[in-house]
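J.:
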Amino acid sequence: MAGMTDTAFRRLVKRHGGCGLVVTEMVSAEGLVRGIDRTLEYAEYTEEERPISIQIFGGDPEKMAAAAQMVEGMGADIVDVNMGCPVPKIAKHNAGCSLMREPRHAATVIGGMVKAVSIPVTVKMRAGWDDSNRNAPALARMIEDAGAAAIAVHGRTAAQSYSGFADWDLVARIADDLTIPVFGSGDCLEPAQVIA
Numbered sequence: 007m008a009g010m011t012d013t014a015f016r017r018l019v020k021r022h023g024g025c026g027l028v029v030t031e032m033v034s035a036e037g038l039v040r041g042i043d044r045t046l047e048y049a050e051y052t053e054e055e056r057p058i059s060i061q062i063f064g065g066d067p068e069k070m071a072a073a074a075q076m077v078e079g080m081g082a083d084i085v086d087v088n089m090g091c092p093v094p095k096i097a098k099h100n101a102g103c104s105l106m107r108e109p110r111h112a113a114t115v116i117g118g119m120v121k122a123v124s125i126p127v128t129v130k131m132r133a134g135w136d137d138s139n140r141n142a143p144a145l146a147r148m149i150e151d152a153g154a155a156a157i158a159v160h161g162r163t164a165a166q167s168y169s170g171f172a173d174w175d176l177v178a179r180i181a182d183d184l185t186i187p188v189f190g191s192g193d194c195l196e197p198a199q200v201i202a
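7 is the number of the first residue of the sequence shown in the working numbering; add one for each residue after it.
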């Protein structure tokens, strides 16, 4: 998560144990491809953090595939696609949760990345763009068909941001429908909720 999962935080979590995989802050595919120093810093990690997933965002299939190749070249174990960020400055560039508004395009992005790299491509997404467009179940199937190795579903829409409650029934339906691993997120505040 942007502003949260920097390398210091990831190392701290790893040292306390119980965390099998850590994910970087979201990294701009455009910034990676253009070689922008600040962007490259977001993708840095230490060996202590392994296994490591570098999460990228963007909407251009060619740039996302090229960025995935760069992530693989950096030695990451997984490349994750952020389709969950509801922040307007990300969404206005057809990135983050905005990709969910164009399911075929989103599947094309994932398919291109899968073909471009040999490491797993995973996706973080939301329930949908808004209550009228809760398309996560259909999009999750399309993403699985495109070759994604796993999907994390936040049970709120982009319009909800972090208000209201996560729809865990939706997450369960997606998990039941797919053959790849599905992780749920949202409203996990107590240890018992995470274990359940």
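Glycine residues also receive a C-beta, built at the ideal position from the N, C-alpha and C atoms.
#1: Taking the CB atoms as reference points, tell me whether A113 and M148 lie closer together than 9 Å.
#2: Would you report the Cα separation of F171 and P92, rounded to the nearest angstrom?
#3: On the DSSP bridge list, what partners appear for D86?
#4: Identify the continuous alpha helix (DSSP H) that holds V188 and give its terminal residues.
#5: Is D173 buried or exposed, if buried means 16 or more other CB atoms sit within 10 Å of its CB?
#6: Taking contact to mean 3 or more Cβ pairs, one atom from each stretch, closer than 8 Å, check whether the segment 22 to 38 and the segment 47 to 62 are in contact.
#7: When we look at the beta-carbon of R110 and count the other beta-carbons within 10 Å, is it buried (16 or more) or exposed?
#8: Looking at the secondary structure, which residues open and close the alpha helix (DSSP H) in which G161 lies?
#9: Secondary structure at A133, three-state DSSP: helix, strand or coil?
#10: Taking the alpha carbon of V115 as the reference point, which residue from L176, S169, V85, D43 has its own alpha carbon closest?
#11: Which whole-angstrom value is the C-beta distance of L184 and A144, which I expect to be below 8 Å?
#12: Quick one: give me the first and last residue of the alpha helix (DSSP H) that P92 is part of.
#13: Do V159 and V127 come within 9 Å of each other at the CB atom, strictly closer than that value?
#14: Would A14 be called buried (16 or more neighbouring beta carbons within 10 Å of its own) or exposed?
#15: With C-beta atoms as the reference, is G161 less than 9 Å away from G117?
#16: Identify whether V123 lies in helix, strand or coil by the three-state DSSP scheme.
#17: Just tell me which of S138, R21, F63 has its CA closest to the CA of K95.
#18: Specify, as a first and last residue, the run of the alpha helix (DSSP H) that T13 falls within.
#19: Identify every residue that forms a DSSP beta bridge with S34.
#20: The alpha helix (DSSP H) that contains Y48, what's its start and end?
#21: With 16 as the cutoff for other CB atoms within 10 Å, does K130 come out buried or exposed?
T.: In short:
#1: By the CB criterion at 9 Å, A113 and M148 fall inside the cutoff.
#2: So the alpha carbons of these two residues sit roughly 16 Å apart.
#3: Answer is Q61, T128.
#4: No alpha helix (DSSP H) contains V188, which is instead part of the beta strand (DSSP E) from 188 to 191.
#5: It is buried - the Cβ of D173 has at least 16 other Cβ atoms within 10 Å.
#6: Three or more beta-carbon pairs separated by less than 8 Å link the segment 22 to 38 to the segment 47 to 62, which places the two stretches in contact.
#7: Within a 10 Å sphere around the beta-carbon of R110 sit fewer than 16 other beta-carbons, which makes this residue exposed.
#8: Per DSSP, G161 belongs to no alpha helix (DSSP H); it is in the beta strand (DSSP E), 156 to 163.
#9: A133: strand per DSSP, three-state reduction.
#10: Measuring from the Cα of V115, the nearest candidate turns out to be V85.
#11: The distance from the Cβ of L184 to that of A144 is about 12 Å, inconsistent with a contact at the 8 Å cut-off.
#12: P92 -> no alpha helix (DSSP H), and no H or E assigned at all.
#13: No, the Cβ-Cβ distance between V127 and V159 is not below 9 Å.
#14: Counting Cβ neighbours within 10 Å, A14 comes out exposed, since fewer than 16 surround it.
#15: Against a cut-off of 9 Å, the Cβ pair of G117 and G161 comes out as no contact.
#16: In this structure, V123 counts as coil in the three-state DSSP scheme.
#17: Of the listed residues, the one whose Cα sits closest to K95 is F63.
#18: If you look at T13, you'll find it in the alpha helix (DSSP H) that goes 13 to 22.
#19: Answer is F63.
#20: Its alpha helix (DSSP H) spans residues 43 to 48.
#21: Buried is the label assigned to K130, since at least 16 other Cβ atoms lie within 10 Å of its Cβ.
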